[in-house]
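Chemist:
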Amino acid sequence: MELMAGNPAAPRTDGTRTDGTRAVVRGAPAPGEPGPGETVRGATVLGDTARGAPVDRARGSLLGLAVGDALGAPAENMRPSEIRRRWGRIEGFVSDDPAGTDDTEYAIFSGLLLARHGSALTVTHVERAWRLWIADLDEGPFRGAGFSERGTLENLRRGLAAPISAQHRHAWSDGLAMRAAPFGVFAAGRPAEAARLVAVDGRVSHEGEGIYGGQAVAAGVAAAMTGSGVTSVIAAALSVVPMDSWTARSLRRAVTAAQRPYPDRLTMERAVRSAVVVGGYPWTDLAPEAVGLAFGAFAAARGDFRTAVLTAVNMGRDADTTAAVAGALAGALHGARAIPAHWAAAIGPVRGSCLPSMRGYHVLDIAELLTPAEAEADERVGQRPPDPGPGGGAPPPEESTGRDIRDDAPAVRP
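For the sequence shown, our numbering assigns the number 71 to the initial residue and increments by one for each residue that follows.
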């Protein structure tokens with residue numbers, strides 16, 4: 071399987087997907103089939119697609135992910151008090167050269183793989199892609215890669231196969247959650263299918279709570295893609311993970327805290343953080359924590375894009391990932407035009423800082439590839455099976471232990 075050169079996931083020169091549907095970004099030329107490191111296109115033109123159309127929501131979700139990633143990157147691993155001392159309250163880009171991080175590049179990577187295989191995606195497909203386009207490449211430092219991704223690459227390079235490749239010390243990280251949105255875009259209106267597919271993708275790199283975090287995000291985006299309300303999006307996320315899992319408890323705690331009345335925004339953000347953040351733990355990439363913060367920000371904002379993303383950014387911790395997830399949810403719910411124009415305009419093709427093989431791809435290209443033709447989308451959503459109950463059509467990879475380290479952790483500092 072190849073991801074780019076000769077890759078059916080990449081748009082063909084005539085703009086036609088392998089299934090015959092069109093995959094051309096409005097206002098941008100159709101690309102060929104480049105090899106690693108070649109620029110595909112800078113697809114920043116949103117065109118005149120009607121708000122609420124599947125492609126508009128797809129663009130909103132993936133562009134929202136990239137915007138959140140770029141906004142949150144400078145605040146990554148910081149406490150809110152540190153953010154305030156340095157910038158005051160962040161209300162926009164604080165860098166003169168905003169760019170996405172590993173979150174955006176891995177989302178593009180997984181999106182291309184999903185566009186190539188669709189619902190037939192297997193763990194073997196994912197493992198081969200990781201080997202060919204990440205592990206086997208000597209180029210680049212994989213700058214910004216998380217512990218889970220580095221552990222996975224080390225295991226793959228040692229010759230271990232999935233799912234054994236996911237057996238490392240950070241299998242519970244938010245590295246799957248950060249790349250989960252494309253699965254919700256693809257499986258719009260089908261949270262259980264989105265959760266199933268993201269678990270397939272995740273088994274090369276994650277286990278347990280790391281898988282659950284990705285499933286919650288993918289299912290939430292899938293529900294948001296149909297214009298469901300905030301409550302329905304949260305319910306969809308909870309429906310695909312075990313009720314007694316750390317991820318489910320963290321998500322419920324964060325949302326409950328976010329929806330209480332507060333005298334001001336800062337008090338609300340402190341309450342959401344205190345509900346889920348593991349005080350004293352040095353690493354910020356815990357999937358249950360990051361997913362909880364992202365959904366808490368989304369709930370506090372009542373789905374409003376700008377408010378959701380900035381709330382996530384200003385709560386700190388793994389701010390690029392939490393803001394990326396909040397942006398993906400709100401962008402899917404409201405479409406691309408909910409994103410402030412100057413934020414959207416700042417997002418260009420990714421630079422390949424973490425994944426050199428992704429250099430030149432734009433998230434809007436991936437949105438096009440994952441969105442079926444209008445009639446096909448209407449038919450697919452209209453014929454979807456009923457949403458499952460708790461833990462419904464996406465069986466978890468393993469049983470939850472029913473405990474998390476939050477239960478014994480000290481209160482977190484604001």
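No residue lacks a Cβ here, since even glycine has one placed at the ideal position from N, Cα and C.
(1) Is there a C-beta anywhere in chain B that falls below 8 Å from the one on GLY259?
(2) Just checking my contact of ALA250 with ALA288 at CB under 8 Å: how many whole Å lie between their CB atoms?
(3) DSSP state of ASP309, grouped into three classes?
(4) If you draw a straight line from the C-alpha of ALA324 to the C-alpha of GLU359, how long is it?
(5) Please list the terminal residues of the continuous alpha helix (DSSP H) segment that includes SER151.
(6) Straight-line CA distance for ALA191 to ALA247?
(7) Within 10 angstroms of its Cβ, does ARG343 collect 16 or more other Cβ (buried), or is it exposed?
(8) ALA140 and GLY170 - do their beta-carbons sit closer together than 8 Å?
(9) Of the choices THR381, THR317, PRO352, LEU440, whose alpha-carbon is the least far from that of ALA328?
(10) Quick one: what does DSSP say ARG330 is sitting in, helix, strand or coil?
(11) Please classify ARG260: does DSSP put it in a helix, a strand, or coil?
(12) What does DSSP give as the partner residue(s) for SER243 in the beta ladder?
(13) Kindly give me the distance between the Cβ atoms of GLY290 and ILE281, rounded to whole angstroms, as I take these residues to be in contact under 8 Å.
(14) Among residues of its own chain, excluding the 5 on either side of ALA393, which ones have a beta-carbon nearer than 6 Å to its beta-carbon?
(15) Evaluate GLY254 with the Cβ neighbour count: other Cβ atoms within 10 Å of its Cβ, from every protein chain shown; 16 or more gives buried, anything less gives exposed.
(16) Counting beta carbon pairs with one atom in the stretch 297–306 and one in the stretch 218–234, are three or more of them shorter than 8 Å?
(17) So, helix, strand or coil for ARG343, using DSSP?
(18) Below 6 Å CB to CB, which residues in the same chain sit around ARG129 once its five sequence neighbours on both sides are set aside?
(19) Which residues mark the beginning and the end of the alpha helix (DSSP H) in which SER131 is found?
(20) Taking 8 Å as the threshold (C-beta atoms), are SER320 and GLY284 in contact?
(21) On the DSSP letters alone, give me the boundaries of the alpha helix (DSSP H) that ASP172 sits inside.
(22) When we look at the beta-carbon of VAL311 and count the other beta-carbons within 10 Å, is it buried (16 or more) or exposed?
(23) Whole angstroms is fine: what's the gap from ARG227's alpha carbon to VAL164's?
(24) So is GLY349 buried or exposed if we call it buried at 16+ other beta carbons inside 10 Å?
(25) Taking the alpha-carbon positions, what's the VAL270 to VAL196 distance?
(26) Quick check on ARG387: does DSSP put it in helix, strand or coil?
(27) Using the three-state DSSP reduction, which class does ASP271 fall into: helix, strand or coil?
(28) Since ALA294 is in the alpha helix (DSSP H), which residue starts that stretch and which ends it?
(29) May I have the straight-line CA-CA distance separating GLY259 from HIS276, to the nearest angstrom?
(30) Answer with buried or exposed for HIS412, where buried requires no fewer than 16 other C-beta atoms within 10 angstroms of its C-beta.
(31) Which of the three DSSP states is assigned to ILE417 in this structure?
(32) On the DSSP letters alone, give me the boundaries of the alpha helix (DSSP H) that VAL348 sits inside.
(33) Could you check what DSSP says for HIS432 in three-state terms: helix, strand or coil?
(34) Looking only at C-alpha atoms, which of ASP172, LEU184, ASP166 sits nearest to LEU439?
(35) Can you grab the Cα-Cα spacing for the pair PRO233 / PHE365, in whole Å?
Modeler: This is what the structure holds:
(1) The structure shown contains no chain B, having only a single protein chain.
(2) About 4 Å separates the two Cβ atoms, so the contact holds.
(3) In the sequence on display, residue 309 carries Ser and not Asp. It is helical.
(4) Straight through space, the alpha carbons of GLU359 and ALA324 are spaced by roughly 9 Å.
(5) Following the DSSP letters along the chain, one finds SER151 inside the alpha helix (DSSP H) bounded by residues 150–157.
(6) Per the sequence presented here, residue 191 reads as Leu, with Ala not at that position. Rounded to the nearest angstrom, the two C-alpha atoms are 18 Å apart.
(7) Buried: at least 16 other Cβ atoms inside 10 Å.
(8) A contact, by the Cβ cut-off of 8 Å.
(9) Nearest of THR381, THR317, PRO352, LEU440 to ALA328, Cα basis: THR381.
(10) Note: ARG330 maps to coil in three-state DSSP.
(11) Residue state for ARG260 is assigned as coil, using DSSP reduced to three classes.
(12) LEU356, per the DSSP bridge assignment.
(13) Contact between GLY290 and ILE281 does not hold, since their C-beta atoms are separated by about 15 Å, which reaches or exceeds 8 Å.
(14) So the list reads GLY138, LEU141, GLY142, VAL379, ALA382, VAL383, once near-sequence residues are dropped.
(15) Label assigned to GLY254: buried.
(16) Cβ pair count under 8 Å is below three, so no.
(17) ARG343 carries a helical assignment under DSSP once its states are collapsed to helix, strand and coil.
(18) Hits under 6 Å: ALA406, LEU434, ALA437.
(19) Boundaries of the alpha helix (DSSP H) harbouring SER131: 124–142, taken from the DSSP string.
(20) Between GLY284 and SER320, the CB-CB gap reaches or exceeds 8 Å.
(21) Where ASP172 is concerned, the enclosing alpha helix (DSSP H) starts and stops at 172–187.
(22) Classification of VAL311: buried, given that the 10 Å Cβ count is 16 or more.
(23) If I take the Cα positions, the gap works out to 37 Å.
(24) Taking a 10 Å sphere around the C-beta of GLY349, we find fewer than 16 other C-beta atoms and assign the residue as exposed.
(25) It is roughly 8 Å from the alpha-carbon of VAL270 to the alpha-carbon of VAL196.
(26) ARG387: strand per DSSP, three-state reduction.
(27) ASP271: helix per DSSP, three-state reduction.
(28) That run of the alpha helix (DSSP H) goes 278–294.
(29) Going from the Cα of GLY259 to the Cα of HIS276 covers about 25 Å.
(30) Around the beta-carbon of HIS412, fewer than 16 other beta-carbon atoms lie within 10 Å, marking it exposed.
(31) Coil, per DSSP.
(32) Element bounds for VAL348: n/a, residue is neither H nor E.
(33) If DSSP states are grouped into helix, strand and coil, HIS432 belongs with coil.
(34) Of the listed residues, the one whose Cα sits closest to LEU439 is LEU184.
(35) Straight across, the Cα-Cα distance linking PRO233 with PHE365 is about 28 Å.
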